[in-house]
Amino acid sequence: MALAIVMGILVGALPKFSVLPWVVGAVAMLLPLNLVTFILTVAVCTFAAALLDPWFHQVGYFLLTEPSLQGTWRYLAQTEAFVWLQLNNTVVVGCLLVWGMAALPMYFVFKSIVSILQPGVRRMFGLPHDSASQPSALST
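66 is the number that our numbering gives to position 46 of the sequence shown; each next residue is one higher, with no gaps.
Okay, here's the thing in structure tokens:
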């Protein structure tokens, strides 16, 4: 579930006019994660991202205008993937950088939160507490 939340935050925060959120969403669908959690996180973060767009713009603008990176940006701008993924957009670049720096810490924070909340949610809905304690269809 933690991976679904972290991937959902990225897809939700990215502007939807580029191919990038759709590519990340397709990759997320191929990963073994909770799809309901992923979709709900995308929905919530899509609306919340509008509040962070000015900050993402500042971070992306700094990166795209950094003199030491101009050669890299010029080289990348000549590729079709750069244009398709909208990596010349300040909000997209800023969002990717912020998410890239925060992804691992977010994963461990959400993993801890899920592990704390999961037993209570399972009790509340009457679900089994541990999959290891359930009899397997193969055991006799």
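Using N, Cα and C, we set each Cβ at its ideal position, and we do this for glycine too.
This structure is a prediction, so every number in the text was calculated from the model and none was measured.
Three-state class that DSSP yields for residue i in the structure shown
i: Q138; result: helix
i: K131; result: helix
i: E86; result: coil
i: L60; result: helix
i: P41; result: helix
i: S159; result: A caution first: S159 carries a pLDDT of 48, below 50, which makes its placement in the model unreliable, though a value can still be read off. Coil at S159, not helix or strand.
i: Q78; result: helix
i: T99; result: coil
i: P125; result: helix
i: T49; result: Residue identity differs from the one stated: residue 49 is Met in this sequence, not Thr. Helix at M49.
i: G146; result: coil
i: L72; result: helix
i: M21; result: coil
Cβ pair residue i, residue j closer than 8 Å
i: I25; j: T61; result: yes
i: A63; j: V134; result: no
i: V31; j: G45; result: yes
i: N108; j: P35; result: no
i: F58; j: G28; result: yes
i: G40; j: Q106; result: The residue asked about is misnamed: residue 40 is Leu in this sequence, not Gly. Taking 8 Å as the Cβ cut-off, L40 and Q106 qualify as a contacting pair.
i: A48; j: W119; result: no
Residue i Cβ short of 7 Å to the ligand COA heavy atom set
i: S38; result: Of the ligands one can find in the structure shown there are none, so the ligand COA has no counterpart to examine.
Taking contact to mean 3 or more Cβ pairs, one atom from each stretch, closer than 8 Å, check whether the region 65 to 81 and the region 106 to 116 are in contact. yes
Touch check for the region 119 to 135 and the region 87 to 99: three-plus C-beta pairs under 8 Å? no
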